[in-house]
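Residue numbers (this note's numbering), protein chains in the order written: chain A, 15 to 349; chain B, 15 to 349. The beta carbon of each residue, even a glycine, is placed where N, CA and C say it ideally should be.
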């Protein structure tokens with residue numbers, strides 16, 4: 015079986031063959047270069063670009079509903095989409111452990127290429143490094159992305175106001191549970207698949223009403239709770255959430271009981287939170303639901319003046335509790 | 015002693031404190047976000063941006079003349095500069111091993127910030143992941159960079175013509191020897207420092223004559239020989255190099271003898287090769303020498319029609335030999 019060797023990262027013939035034989039065709043790159051020269055499409059306005067990066071170290075590399083490859087594309091596409099950008103170009107940097115299976119690498123590359131096509135972005139520059147056996151863990155992938163920000167788009171927690179509504183695009187906790195299940199050799203009934211998906215078509219729909227959209231964020235590491243806490247602290251307002259309205263699919267709920275996890279803190283990779291003016295919230299929920307990846311979109315709460323900087327979870331029987339940031343390392347290496 | 019823990023990569027409070035307490039101040043980032051929204055300065059012309067990425071896995075992390083931090087900035091700045099771009103913005107993604115020294119991380123961050131200032135670029139987005147002890151090697155850093163490409167600049171090996179001159183900006187092999195010496199506990203007399211440096215001010219000087227500049231490239235992994243071979247193969251021409259004219263400082267020459275290395279294949283991190291029309295080569299060498307990092311700039315050879323795709327090294331006593339790509343892994347983890 016063909017394996018990655020140290021020479022694949024040394025800049026000579028072996029790396030040249032790896033890049034021109036595997037990465038370049040998969041990503042439809044014609045000339046392989048260290049840097050890509052790109053035209054930006056601009057409609058007269060001064061161009062604003064968005065730039066983002068994430069490294070992916072998920073363990074295991076393959077999990078129900080995805081693998082590190084599509085995750086590395088979707089995660090960075092989504093970071094760009096959350097600031098209101100239209101993602102255009104990605105870079106991809108690979109740190110591969112000596113001895114890693116070429117067949118698994120091929121699967122990962124294929125998955126990245128498919129995810130890029132699905133999101134409508136191009137992977138235009140890349141890099142490959144190989145580290146000695148025992149100095150890495152299979153493969154780590156970094157992606158960086160560039161997008162253009164349309165005129166009039168200004169996503170900021172500073173724009174959140176009392177009365178705004180908080181919408182989530184779908185059932186939470188799926189990615190984290192899928193990875194933790196795979197890591198621990200568990201399967202769930204009903205099965206739980208990662209939500210790994212690009213959100214940029216959904217954000218484009220949402221941004222048809224840019225003036226009414228205050229801020230969007232995808233609750234990855236740290237989960238829904240951590241993102242809501244960020245909204246509360248950054249805006250100095252209170253996020254009041256109805257616990258029963260937060261969608262948690264049965265497989266996720268059961269798995270969280272079993273694993274001792276709170277789904278509010280479990281990572282998502284294809285789910286977004288958006289804060290909008292109250293008069294457009296029903297309209298936007300309907301529009302979001304036209305996208306398969308947001309078919310479960312729903313309002314989960316609203317913004318109040320106080321207690322300042324707090325996230326309050328209220329239950330149907332009249333109780334309430336405060337929600338804080340994720341503490342420590344509930345789920346290491348989830349993405 | 016403060017150490018990196020798994021929780022520093024989990025998206026919660028500990029990571030928040032790491033990012034807002036250490037990375038953000040060092041890079042002068044005000045609001046920490048997953049993506050940065052940027053204005054591009056454009057002078058009426060359609061904006062072309064350059065985008066590049068590299069991961070850095072150098073071992074050891076600290077070496078004479080630099081460390082992984084300045085290397086990660088200079089390497090990506092130089093990749094952008096080589097396509098004729100003016101580097102503007104960088105991203106930085108860290109993969110840190112659990113237990114890594116916070117003091118060493120601080121040194122690395124400081125070094126990155128200094129290198130960014132020296133190159134006139136801003137680090138505008140970042141990401142932190144932590145992997146379990148034994149699943150990484152201290153710290154790996156990925157940087158991606160964006161630059162603008164001025165109108166009229168078109169660097170391509172397709173523009174190389176017979177008669178063109180080949181210029182190198184300084185003494186070769188310094189980075190690789192500095193790292194290999196440190197890795198093996200050797201010191202050399204005279205001492206050898208890495209050439210790690212930004213090349214974007216030098217390329218800006220060179221590009222004052224864009225019509226006469228055919229292609230620029232920084233010979234990193236694979237060294238001068240591999241870059242010349244790329245020029246030869248891509249252009250279908252012959253690179254004829256006078257061996258005596260290739261600058262190799264005495265410490266590098268001695269160390270290469272000792273370590274059994276050929277300086278032509280040893281990595282550089284602040285040295286460039288440029289192919290220019292013959293009528294401007296003397297002028298450009300003089301202009302390049304005004305920059306301290308290119309004080310040793312010199313013409314090392316010229317382009318001939320054949321043998322096609324070859325690099326021929328000629329010696330003063332009339333001999334010649336063919337130079338090929340680097341084979342295998344002469345120097346793993348040099349950057």
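The beta carbon of residue 65(B) is closer than 6 Å to those of 160 in its chain, skipping five residues each way along the sequence. Put simply, the CB of residue 67(A) is near chain B, with a gap under 8 Å to one of its CB atoms. Separation of the CB atoms of residue 254(B) and residue 316(B) is rounded to 6 Å, and the pair is thereby assigned contact status at 8 Å. Taking C-beta separations shorter than 6 Å and ignoring five residues to either side along the sequence, the partners of residue 193(B) in its chain run 77, 348, following chain order. With fewer than 16 other beta carbons inside 10 angstroms of its own, residue 201(A) counts as exposed.
About 7 Å separates the beta carbons of residue 260(B) and residue 182(B), which is inside the 8 Å limit, making them a contact pair. Beta-bridge pairing by DSSP links residue 143(B) to 109(B). At a cut-off of 8 Å between beta-carbon atoms, residue 123(A) makes no contact with chain B. Residues of the segment 100 to 111 of chain A whose Cβ lies closer than 8 Å to any Cβ of chain B, in chain order: 103, 105, 106, 107, 108, 109. CA-CA distance, residue 22(A) to residue 80(B), rounds to 25 Å. Around the C-beta of residue 188(A), 16 or more other C-beta atoms lie within 10 Å, and the residue is accordingly described as buried. For residue 123(B), there is no enclosing beta strand (DSSP E); the enclosing alpha helix (DSSP H) has its first and last residue at 116 to 133. Within the DSSP secondary-structure output, residue 101(A) pairs in a beta bridge with 161(A). The C-alpha of residue 170(B) lies about 39 Å from the C-alpha of residue 283(A).
Apart from sequence neighbours up to five positions away, the residues of its chain that approach residue 224(B) with a beta-carbon distance below 7 Å are 166, 167, ordered along the chain. Between the C-alpha atoms of residue 82(B) and residue 121(A) there is a straight-line separation of about 31 Å. Straight through space, the alpha carbons of residue 245(B) and residue 217(B) are spaced by roughly 18 Å.
Cβ contact annotation for residue 92(A) (same chain, cutoff 6 Å, sequence separation greater than five): 213, 232, in chain order. Within chain A, no C-beta atom comes less than 7 Å from the C-beta of residue 286(B); the nearest is roughly 12 Å away. By a beta-carbon distance limit of 8 Å, residue 285(B) contacts residue 184(B). Their separation comes to about 5 Å. Of the candidates 215(B), 240(B), 333(B), the residue whose Cα lies closest to the Cα of residue 301(B) is 215(B).
Measuring C-alpha to C-alpha distances from residue 172(B) to each of 303(B), 290(B), 36(B), 340(B) identifies 290(B) as the nearest.
For residue 179(B), the enclosing beta strand (DSSP E) covers residues 179 to 182. Put simply, the backbone Cα of residue 335(A) is about 10 Å away from that of residue 324(A). Within the segment 227 to 263 of chain B, the runs of beta strand (DSSP E) at least 3 residues long that lie entirely inside it are, in chain order, 227 to 231, 252 to 256. Put simply, the backbone Cα of residue 128(A) is about 8 Å away from that of residue 84(A).
Residue 113(A) is positioned such that its CB atom lies closer than 8 Å to that of residue 17(A). Excluding residues up to 5 positions away in sequence, 88, 284, 307 lie with their Cβ nearer than 7 Å to the Cβ of residue 211(B) in the same chain. For residue 40(B), the closest of 71(B), 75(B), 125(B) by C-alpha to C-alpha distance is 125(B).
Looking at 162(B), 205(B), 115(B), the one whose alpha-carbon comes closest to that of residue 75(B) is 115(B). Per DSSP, the unbroken beta strand (DSSP E) holding residue 327(A) starts and ends at 325 to 328. Per DSSP, reduced to three states, the secondary structure at residue 195(B) is helical. Leaving aside the five residues that flank residue 281(A) on each side, the residues in its chain whose CB is nearer than 7 Å to its CB run, in chain order, 189, 190, 234, 235, 237, 345, 348, 349.
Residues of the same chain with a CB within less than 6 Å of the CB of residue 106(A), apart from the 5 flanking positions on each side, are 137, 140, 157 in chain order. Here residue 319(B) carries a coil assignment [DSSP, helix/strand/coil].
At the C-beta level, residue 179(B) and residue 328(B) stay beyond 8 Å of one another.
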